[in-house]
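*Asks:* Take a look at the following structure, please.
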Amino acid sequence: MALETLWFILITVLFIGFFFLEGFDFGVGMLLPFIAKTDTERRVMINTIGPFWDGNEVWFITAGGAIFAAFPHWYATLFSGFYMALFLMLLALIGRGVAFEFRSKVVNATWRKTWDWVIFFGSALPPLLWGVALANFMRGVKIDESMNYVGSFWDLINIYSLFAGVSVVMMFLLHGAIFLSLKTDGVIKERVKHFALKIGAWTTFVTFIFVILSYYETDMFKDSINPGMIPLLAGIALFSVRFLLQRNRFGWAFLMTGLTIVLSTVTVFKSLFPNLMISSLNPEWSLTIYNASSSPYTLKVMTVVALTMVPIVLGYTIWTYWVFRKRVTADSHLDY
Amino acid sequence: MDNLDLARWQFAVTTVYHFLFVPLSIGLVFTIALMQTFYLVKKDEIYKRMVKFWGKLFLLNFAVGVVTGIMQEFQFGMNWSNFSRYVGDVFGGPLAVEALVSFFLESVFIGVWIFGWDKLPKKIHLAAIWLVALGTTISAFWILTANSFMQEPVGYVMRNGRAELVDFFALITTKQLWVTFPHVFFAALSTGSLFIAGVSAYKLLRKQEINVFKPSFQIAIVVGLVASFMVAVVGHSQAQYLVENQPMKLAASEALWETSGDPAAWTAFAFIDSTGHKNTIQIDIPGALSVLAYNKFEGSVPGMLELQEQYEEKYGPGNYIPPVRTTFWSFRIMVGAGVLMILLAMYGTFLTLRNKLLENRWYLRLMPWAIALPFIANSSGWIMREVGRQPWVVFGLQKTSDGVSPTVSTGMVATSFIGFTIVYGILAAVLVFLFIRYIRRGTEDYVNGKYNQEINVNTF
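Those protein sequences? They're chains X and A, same order as listed.
First residue of the first sequence? That's 9 in the numbering used here, and the numbers climb one at a time after it.
First residue of the second sequence? That's 18 in the numbering used here, and the numbers climb one at a time after it.
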């Protein structure tokens, strides 16, 4: 396999890790003001993701680093081009990160409520912006002949990209709710189940509309109307969630939202391949894995590092999920 | 100001800000890991209280360090896209390795450490904090690998209109890196230990929890003495390396316009006229610059004007002299702060050995203020290193003015600059507020089980 292709796959894997893992902790963050009725309940919710969210976020940071190392032009075009979007996302992540640490440190309702809203917006904005970004990857943006983005922030905002953003937000809400059903007990678990059943139908609906819009807005279906096995399976997984929830099969339901996220990410990246960012001005000016990549030597060095480190990282990450597998309740020792 | 100036200011502000927290985190985590090791070996609950108290401050600081670090990872792409395209083949690698090797390690095991008390076997829990310490150190190593390339590019060839990596090994074995990394590492250790010593002195002055803060002070002051001394030793070898590899930076840090005599005098103080290319007043110590540069009382050091001529010949017309005043004074501030740190640590160690610490009230009163010293030294050290490299962003390869993003408007940089500055300001205020609260409370709340986060608010 060409190293460029391998790195495209590795970056896809990093995004899968990011969306799958941080997806549920974004979801929990967004659900915080709506599911929990008391301070204790909010703390229980935060503590379900307490040991994990920081590690989950590193999948995003590493994806950024990997893009820089393997496809420097992609890194340069993407982050200088989607400047304001990235700026907003960074502010959200900065606020959210410290909010987890700060919010329970002072016994004061206003203090805690303020940080809870920081957590809410810090958890809602990134998925919204990621949806917008991914839709624009597929749809194409104004990239000139020297690989620079020449559009504005508002060019990124359109019906199609907003649908993508909203559907990512809803997907993560559902994923987070089901994660909470696995990590909590009693009244919170009841509430999230109820919530998941309600939001699940809407998530399916919005995602379905997004897929239809993709037919008109992108080249995803250019070869054939048949989407192939992967998105079909993603759809089936999403449909199955409702039935699993009704039968209280929360573990299976979580697996299915996870599968939907994984397969949808694969679908998006597969439809991009071998493009990285499509130029709407001239297809010749698109960034591809070939014209945006690092030299073969750099890719080779990075491949050795990545293939050594990723299994180790996965190993100890899985270990921590096992260590902190217990449900969190009001009687647990709450560190956050 | 145009977008280049703004992008430079943004980088300076966000990076100096980020680097207030990083060395404190690294220094604290090592000292805390040491304390927790004592706890396991000596099985004395006092050490657990120490770990809990300093750990609380460490975690608050760590959180701010982490979130301001996210910004650093993406800033190169946002404001410096031409830089990223030009050297990304070399420069991107260390950043990716940093994320993959160290960010995962520290982020995952910090979670294990916070939430693993009483859930994990004690030895595994101790291993978690050591792994965090290891992660922060590896992180420093890789980011300094990237930075060392900017100071002195190695292991690359110019191909396809950019710098391409041809020797990864050269990148991580360059002497540039190996005189820098220990300097930063020991500076971080001395930052953490002076912080602990200063806070402990504050508590000891008020005779609060002497059984916790006296041993804290003792551990910190010993670490601080060794670390601040090592910073100076490594710093000296850095200066000597500078003469060979970045003579312009050295000359600027000495405000040395003309090539020096032999032996070279060291300028302790100068009024610098940057446009007239001369110093109006200066106080010299004969022979001292030769010692700094070559370890002996002979040898002259090339001046900026001679180097300017050489560079013009080599790189074409242009001004190759960095901002002299900033470089000159940041170097002196760094060294001055460093020397004070060594003296204070020596005196503190002396008092500890004589068991006279608690009686020496003026020393205890002084030490909380001395917490500022390592932060001043760290910041001015980086300012000297980065400003002294100007006008280059990557020495000899790309000028700073050529690295900036061509399509990012002044308004966009200004917006993000203002946005980050406001948010960073709020973070600093909140952090200081929480620091003071926790320091005032000490560890008694922990013993009584009344730490804030163990109390719920029932007014929602």
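Virtual Cβ for every residue (Gly too), placed ideally from N, Cα, C.
(1) When the Cβ atoms of the segment 310-322 of chain A are set against those of the segment 386-395 of chain A, are three or more pairs found closer than 8 Å?
(2) Helix, strand or coil: how does DSSP classify A/Ala544 here?
(3) Can you pull the chain A residues whose beta carbon is under 8 Å from the beta carbon of X/Asp62, in chain order?
(4) Over the uninterrupted beta strand (DSSP E) stretch that includes A/Asp301, give me the two end residues.
(5) Who are the near neighbours of A/Thr54 in its chain, counting only those whose CB is closer than 7 Å to its CB and skipping five residues on each side?
(6) Three or more beta-carbon pairs under 8 Å between the segment 241-253 of chain X and the segment 201-209 of chain X, yes or no?
(7) Between the segment 266-281 of chain A and the segment 335-347 of chain A, can you find at least three pairs of beta-carbon atoms closer than 8 Å?
(8) Buried or exposed: where does A/Asp279 fall if 16 or more other Cβ atoms within 10 Å of its Cβ makes it buried?
(9) Do A/Val240 and A/Ser217 have their beta-carbon atoms positioned less than 9 Å apart in this structure?
(10) Tell me the rounded alpha-carbon separation between A/Phe185 and X/Val313.
(11) On the CB-based measure, 16 or more other CB atoms within 10 Å of its CB, does X/Val66 come out buried or exposed?
(12) Please decide whether A/Phe166 counts as near chain X, where near means a Cβ-Cβ distance under 9 Å.
(13) Is the Cβ-Cβ distance between A/Gly94 and X/Leu86 less than 9 Å?
(14) With a threshold of 16 other CB atoms inside 10 Å of the CB of A/Ala138, please say whether the residue is buried or exposed.
(15) Determine, using beta-carbon pairs with one atom in the segment 73-83 of chain X and one in the segment 10-26 of chain X, whether at least three such pairs fall under 8 Å.
(16) If I follow the unbroken alpha helix (DSSP H) through A/Ala113, where does it start and stop?
(17) Looking only at its chain, what residues have a beta carbon closer than 6 Å to the beta carbon of X/Leu94, apart from the 5 residues adjacent to it on each side?
(18) Reducing DSSP to helix, strand and coil, say where X/Trp330 ends up.
(19) How about X/Ala84 and A/Ser422: are their beta carbons less than 9 Å apart?
(20) Is any beta-carbon of chain X found at less than 9 Å from that of A/Pro423?
(21) Helix, strand or coil: how does DSSP classify X/Tyr157 here?
(22) Against chain X, with Cβ distances strictly below 9 Å, would A/Gly94 count as a contact?
(23) Where do the ends of the beta strand (DSSP E) carrying X/Ala245 lie?
(24) Against chain A, which members of the segment 300-327 of chain X pass a CB distance test of less than 7 Å?
(25) Going along chain A in order, which residues have a C-beta closer than 7 Å to the C-beta of X/Pro134?
(26) A/Gln170 to A/Gly109, Cα distance in whole Å?
(27) Consult DSSP for X/Ala93 and reduce its assignment to one of helix, strand or coil.
(28) Count the other C-beta atoms from every protein chain shown that fall within 10 angstroms of the C-beta of A/Asp135, then say buried if there are 16 or more, exposed otherwise.
(29) Answer with yes or no whether the minimum CB distance from X/His341 to chain A is below 9 Å.
(30) Would DSSP call X/Glu109 helix, strand or coil?
(31) Any C-beta of chain X sitting closer than 9 Å to the C-beta of A/Met175?
(32) Kindly say whether X/Val174, judged by its beta-carbon, lies nearer than 9 Å to any beta-carbon of chain A.
(33) Answer yes or no: does any C-beta atom of chain A fall closer than 9 Å to that of X/Ala84?
(34) Excluding the five sequence neighbours on either side, which residues of its own chain have a C-beta within less than 7 Å of the C-beta of A/Phe75, listed in chain order?
(35) What are the complete alpha helix (DSSP H) segments, minimum 4 residues, inside the segment 156-202 of chain X?
(36) Output the distance between the C-alpha atoms of X/Leu190 and X/Arg335, rounded to the nearest integer angstrom.
*Replies:* Answer, in terms of the structure:
(1) no
(2) The shown model of chain A, from 18 to 477, leaves out residue 544 of chain A, and the question about it has no answer.
(3) Val83, Ser124, Val125, Ile127, Gly128
(4) 295-302
(5) Leu143
(6) yes
(7) yes
(8) exposed
(9) no
(10) 12 Å
(11) buried
(12) no
(13) yes
(14) It should be noted that the sequence gives Pro, not Ala, for residue 138 of chain A. The residue is exposed, with fewer than 16 neighbouring Cβ atoms inside 10 Å.
(15) yes
(16) 98-114
(17) Phe87
(18) helix
(19) yes
(20) yes
(21) strand
(22) yes
(23) Per DSSP, X/Ala245 belongs to no beta strand (DSSP E); it is in the alpha helix (DSSP H), 237-254.
(24) Ser302, Ser303, Tyr305, Thr306, Val309, Met310, Val313, Ala314, Met317, Val321, Tyr324, Thr325
(25) By Cβ distance, chain A contributes nothing, its closest Cβ being about 11 Å from X/Pro134, past 7 Å.
(26) Reading off the sequence shown, one finds Pro at residue 170 of chain A, where the question assumed Gln. So the alpha carbons of these two residues sit roughly 14 Å apart.
(27) helix
(28) exposed
(29) yes
(30) helix
(31) no
(32) no
(33) yes
(34) Ser42, Leu45, Val46, Ile49
(35) 167-191
(36) 7 Å
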